[in-house]
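A.B. asks: One structure, as structure tokens, below. Some questions next.
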Amino acid sequence: MLTKWFECVDPENQQDAITEAANLLKEGQVVAFPTETVYGLGANALNPEAVARIYEAKGRPSRNPIIVHVASASAAQEIAANWPPAALSLAEAFWPGPLTLVLPRHSCIPDIVTGGGNTVGIRVPAHPVARALLTALDCPIAAPSANRSNHISPTRAEHVAADLAGRIPLILDGGPCKGGLESTVISLVTPIPLLLRLGLIEPEQIEQVIGPILISSTNISSSATLPSPGMMSRHYAPETTLLLTEDDQIETLLALLRQRGGNPTHLELPDDHETCAAHLYEILREADASGATHIVTSLPPAEGRWMAVRDRLLRAATPGQDL
Ligand code: TXA
Ligand code: MG
């Protein structure tokens with residue numbers, strides 16, 4: 125399949141690109157588009173055959189639920205079977221933006237979107253291209269990150285092409301994603317809201333709006349110590365082994381790896397947490413392609429604003445392995 129690539133940095137001046145993308149989605153095809161977090165691979169959420177094409181292109185196990193993107197909180201209410209007060213408050217506080225709410229699903233949402241479960245993850249994205257596409261299509265868009273399954277999420281159109289060129293008909297290039305990490309995911313179907321994935325909206329920010337929440341134990345970065353590798357889901361991993369260590373141990377570790385015939389690369393992460401989040405996946409992709417045998421970096425502090433970056437680094441690492 126030929127993959128078209130449309131520049132679409134300013135959707136106001138790129139109506140043709142948006143129209144073509146919306147037409148493909150109406151025909152049941154998939155389209156890669158930018159959001160403020162990472163690039164998504166979208167399909168009409170109400171069309172099971174279209175959603176099946178997402179799984180096919182990504183090589184993704186079909187039990188994983190997919191986030192449904194809508195244009196507004198009122199559109200979100202139409203695809204949820206109920207809309208608790210917490211949803212209203214969180215939508216008012218953080219939408220459009222990088223927060224996904226897991227709610228009971230409305231019967232209009234097909235099984236293939238929810239992985240057969242009774243809940244649906246919903247998000248109103250802030251990126252102008254995503255918004256223009258939702259407006260042009262006028263129906264919800266199911267979209268996971270636009271990478272091959274188990275690869276690092278794409279934060280540039282080039283990353284999407286590296287993973288999916290030849291497998292999808294169109295990539296909308298909106299430039300680099302500003303956020304750089306996937307949305308925060310919170311379930312509102314549990315007795316106490318449960319944070320399922322850390323992201324750019326921090327747990328404390330959510331608690332300021334709806335009171336206490338629980339953090340799922342799969343968010344291993346909430347613990348200060350390195351967890352056992354078995355607990356980690358390596359969803360965000362580079363192919364090269366990533367080793368995390370303390371700042372003052374870096375040189376020792378690099379020397380040890382070289383002594384053993386390795387060719388490690390030292391990743392120096394940006395000092396500012398927002399810059400670091402925005403560039404983390406790009407930096408990891410570059411290091412992965414550099415031919416190094418190991419990627420070595422230090423973990424940022426266990427502070428609220430660094431938690432999402434720590435989470436992704438911990439997931440990408442394989443502690444204790446291959447030293
Ligand atoms: O920022 C993002 O969230 C990006 C952009 C494209 O919106 N999307 C994204 O999708 O990261 P994906 O499929 O790569 O990750 C979706 C996450 C998974 O961890 C999935 O298990 C969880 O959201 N999720 C989606 N629907 C869910 C549901 N109904 N119940 C529990 N978890 C759900
Ligand atoms: Mg993903």
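The C-terminal position of the sequence shown is numbered 447 in the working numbering, with every residue numbered one higher than the one before it.
We put the CB at the ideal spot given by N, CA and C, even for glycine.
These figures come from a predicted structure and were not determined experimentally.
1. May I ask you to check if the CB of Pro228 is nearer than 6 Å to at least one heavy atom of the ligand TXA?
2. Could you give the uninterrupted runs of the alpha helix (DSSP H) lying entirely in the segment 249–291, keeping only those of 4 residues or more?
3. Given 8 Å as the limit, is there contact between the segment 415–434 and the segment 279–299, that is, 3 or more CB pairs closer than that?
4. Mind checking whether the beta-carbon of Pro268 lies closer than 6 Å to any heavy atom of the ligand MG?
5. What distance in whole Å lies between the Cβ atoms of Thr308 and Pro222, which are believed to be in contact at a cut-off of 8 Å?
6. Could you check if Ile330 belongs to the surroundings of the ligand TXA, using beta carbon to heavy atom distance under 6 Å?
7. Quick check on Ser231: does DSSP put it in helix, strand or coil?
8. So what does DSSP say about Glu144, is it helix, strand or coil?
9. Tell me whether Arg434 sits in a helix, a strand or coil according to DSSP, three-state version.
10. When every heavy atom of the ligand MG is checked, does at least one fall within less than 6 Å of the C-beta of Ser277?
11. As an exercise, report each continuous beta strand (DSSP E) stretch of at least 3 residues that is fully enclosed by the segment 364–442, in chain order.
12. Helix, strand or coil: how does DSSP classify Asp134 here?
13. Please look up how many angstroms separate the CB atoms of Arg247 and Ile191, rounded, as I've assumed it's under 8 Å.
14. Tell me whether Ala167 sits in a helix, a strand or coil according to DSSP, three-state version.
15. Do three or more CB pairs link the segment 166–186 to the segment 212–230 at distances below 8 Å?
16. Give the DSSP-derived three-state secondary structure of Lys128 in the structure shown.
17. From the DSSP output, read off the bridge partner residues of Ile246.
18. Buried or exposed: where does Met125 fall if 16 or more other Cβ atoms within 10 Å of its Cβ makes it buried?
19. Is it the case that the Cβ atoms of Val175 and Ile265 are separated by a distance below 7 Å?
20. Cβ-heavy atom distance between Thr364 and the ligand TXA below 6 Å?
21. For Val433 versus Pro388, is the C-beta spacing smaller than 7 Å?
22. Please indicate yes or no: does the CB of Glu306 lie closer than 6 Å to some heavy atom of the ligand TXA?
23. Taking 8 Å as the limit between beta carbons, can you name the residues of its chain near Ser213, skipping five residues before and five after?
24. To the nearest whole angstrom, what separates the beta carbons of Leu319 and Pro327, a pair I think is in contact under 8 Å?
25. Exposed or buried, which one is Pro353 when buried takes at least 16 other CB atoms within 10 Å?
26. Ends of the alpha helix (DSSP H) at Ile178?
27. What does the alpha-carbon distance come out to for the pair Thr399 and Thr224?
28. DSSP on Ile295, reduced to helix/strand/coil?
C.D. replies: According to the data block:
1. no
2. The alpha helix (DSSP H) runs lying completely inside the segment 249–291 and spanning 4 residues or more are 252–261 and 281–288, given in chain order.
3. no
4. yes
5. 6 Å
6. no
7. coil
8. helix
9. Three-state DSSP puts Arg434 in a helix.
10. yes
11. 365–369 and 418–422
12. Coil, per DSSP.
13. 5 Å
14. Note: Ala167 maps to strand in three-state DSSP.
15. no
16. Looking at Lys128 - three-state DSSP - the assignment turns out to be strand.
17. Looking at the DSSP assignment, Ile246 forms a beta bridge with Val192 and Leu225.
18. exposed
19. no
20. No, since every heavy atom of the ligand TXA falls outside the 6 Å radius drawn around the Cβ of Thr364.
21. No. Outside cutoff.
22. Residue side-chain check: Glu306 places its Cβ nearer than 6 Å to a non-hydrogen atom of the ligand TXA.
23. Val333 and Ile334
24. 6 Å
25. Low confidence applies here, because Pro353 scores a pLDDT of 38, under 50, leaving its location unreliable; read the following figure in that light. Flag for Pro353 reads exposed.
26. Its alpha helix (DSSP H) spans residues Pro172 to Lys182.
27. 22 Å
28. strand
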